Amino acid sequence: VIEPPVLLAVYLLYGVWLGARMVLTDTEVTHLPGHLARARADHFVDLGTRGDQYPVIGGVLRFPWRMPGEYWLLRWVPWVPARWQLPSARVVSLLIGAVGLWAAMQHATMLGGPWAGTLVGLIVASQATLVGTAATASYQSSVATLWEVGLWRGGNTSGLAGVGLGLLRHTAWPMAVVLWASAWIPLALVGALLVFLHGWPAVWTNVLWPTPMTAPRDNTVRYALKTGLQRYESFALWIPLALLGWRAMPIRLVLISVLTLAVAHGWRALSWPKLVVGYLYDFHLPVVVALAVMLASVPVTPEWIGALTLAALWGLVRPRHPALP
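In the numbering used here, the protein residues as written are 1309 to 1633.
As structure tokens, then:
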């Protein structure tokens, strides 16, 4: 069993290495100051079709359908010297992702023992798509962390995590509703009301009467499946290993994540299936916890250790992330 601090250190080091190699992502272009010209050029086709004039606040392009929490996360960036803005924002995002990984390891340990917790760290820390996404300056590591912490802790923590999710992204509201429902307490209801009051009119309009997504590139299901398999390539070994000899499976975690993903992003899949691949990260931690518990239920033999080592090395030897050159 590898102790959580060791796995977290590996996760952080790998994330810093990936962050130093990755090019700017679409989210970073629209959230960090100094990239407005590129943002308008890159998004003219798919965002400009509505004819809206997007305001610039604090040097950042503001889209009216985004929740305020998404911008609060990086409000501090302009006070950092320009040279260090991107690296420091990526490190902060990675640290938030590390909190989510720690929570997932504790969750798996609670369900399947210390070996399950170790396996969560091995699966996540060896997957460049997961670590690299956490290392981008965006809301995604915060969404994934709040989702996992809320499902793990329940009670007041779940209610507060739902508030955070609701304020971060309107696409995360189905996740927030699940957490509020699981924490049926007055605090959760107050949180739901606060999120409702903070919802911008344009956000609510976009949720109730969503504009169909327009795909600038291939919008076929085949392309979406190909992209998903490329980004999460090593799971082609983790999942079969989990299914081969599992004796225990927290089916609740898998069902909650899959059903919430379908509710939150199913309508997007109808017009642009590939877009949903980008949202898989938000839901990955509970699913990895379930996989780890399944893998930990198999008797440990040298052959089994070798197969798990091969799966981890596969992810490390073939790092996959769309921002890697």
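Glycine is no exception: its CB is placed at the ideal position from the N, C-alpha and C atoms. Everything numeric in this text was worked out from a predicted model, so none of it was measured.
When burial is assigned at 16 or more other CB atoms within 10 Å of the CB, is residue i buried or exposed?
i	result
R1418	According to the sequence displayed, residue 1418 carries Met and not Arg. It is exposed - the Cβ of M1418 has fewer than 16 other Cβ atoms within 10 Å.
V1625	exposed
T1528	exposed
R1398	buried
A1570	exposed
L1427	buried
L1578	exposed
I1431	buried
G1359	Low confidence applies to G1359: its pLDDT is 40, below 50, so where it sits in the model is not reliable, and the reading given next is rough at best. By the neighbour-count rule (16 or more Cβ atoms within 10 Å), G1359 is not buried but exposed.
R1477	buried
P1594	buried
V1601	buried
T1609	exposed
V1331	exposed
V1353	Annotation note: pLDDT 39 at V1353 (below 50); position unreliable, no value reported.
L1533	exposed
P1312	buried
E1611	exposed
A1317	exposed
V1596	buried
L1563	exposed
L1340	buried
Any heavy atom of the ligand MN within a distance shorter than 7 Å of the CB on residue i?
i	result
W1546	Looking at this structure, you won't find the ligand MN or any other ligand, since it has none at all.
For chain B, check one thing: does any of its Cβ atoms lie closer than 8 Å to the Cβ of residue i?
i	result
A1556	Looking for chain B here will not work: only one protein chain is present.
As a quick exercise: from the options, pick the residue whose alpha carbon is nearest that of residue i.
i	options	result
L1293	H1573, T1338, V1597	Because residue 1293 is not part of the residues shown, which for the chain are 1309 to 1633, the question remains open.
S1450	Q1414, G1440, V1407	V1407
W1554	P1607, R1539, K1534	P1607
W1373	T1479, A1600, A1484	T1479
G1421	L1394, M1557, F1371, W1546	M1557
A1619	Y1540, L1583, V1597, V1318	Y1540
W1455	G1472, L1320, W1580	G1472
A1631	V1485, T1617, A1442	A1442
G1536	K1582, L1567, Y1322, L1561	K1582
G1367	E1336, K1534, D1590	E1336
L1552	A1532, L1533, Y1531, S1605	S1605
L1545	I1559, T1617, L1340, R1530	T1617
D1590	V1596, N1464, Q1448, G1342	Q1448
W1580	R1530, L1567, Q1414	R1530
Q1538	P1627, P1341, V1388	P1627
T1568	E1378, V1324, G1323, A1484	A1484
In the DSSP assignment, find the alpha helix (DSSP H) that holds residue i and state where it starts and stops.
i	result
G1323	1312-1329
P1633	Element bounds for P1633: n/a, residue is neither H nor E.
L1624	1610-1625
W1387	Neither: W1387 is in no alpha helix (DSSP H) and is coded neither H nor E.
S1490	1481-1490
T1333	Taken as a continuous stretch (DSSP letters only), T1333 belongs to no alpha helix (DSSP H), as it is neither H nor E.
P1607	Taken as a continuous stretch (DSSP letters only), P1607 belongs to no alpha helix (DSSP H), as it is neither H nor E.
P1376	1376-1380
Taking 8 Å as the threshold (C-beta atoms), are residue j and residue i in contact?
i	j	result
W1642	V1309	Examination of residue 1642 is not possible in this model, given that the chain is present from 1309 through 1633 alone.
T1453	G1405	yes
L1603	L1549	yes
A1469	L1382	no
Y1402	G1429	For clarity, residue 1402 is Leu in the given sequence; the question names Tyr instead. Result no, Cβ atoms of L1402 and G1429 do not sit closer than 8 Å.
G1440	H1592	no
P1633	R1329	yes
G1623	S1542	yes
W1481	G1467	no
Q1393	V1385	yes
R1576	V1584	yes
A1411	V1457	yes
L1561	A1615	no
G1462	S1490	yes
L1369	T1338	yes
task: Output the residue ranges of the alpha helix (DSSP H) runs that lie fully inside the stretch 1394-1479 and measure 4 residues or longer, sorted by chain position.
output: Runs of the alpha helix (DSSP H) spanning 4 or more residues and lying entirely within the stretch 1394-1479 occur at 1422-1433, 1436-1442, 1448-1461, 1463-1476, in chain order.
task: At 4 residues or longer, and completely inside the stretch 1529-1597: list those alpha helix (DSSP H) runs for me, N to C.
output: 1529-1539, 1543-1553, 1559-1579, 1581-1585
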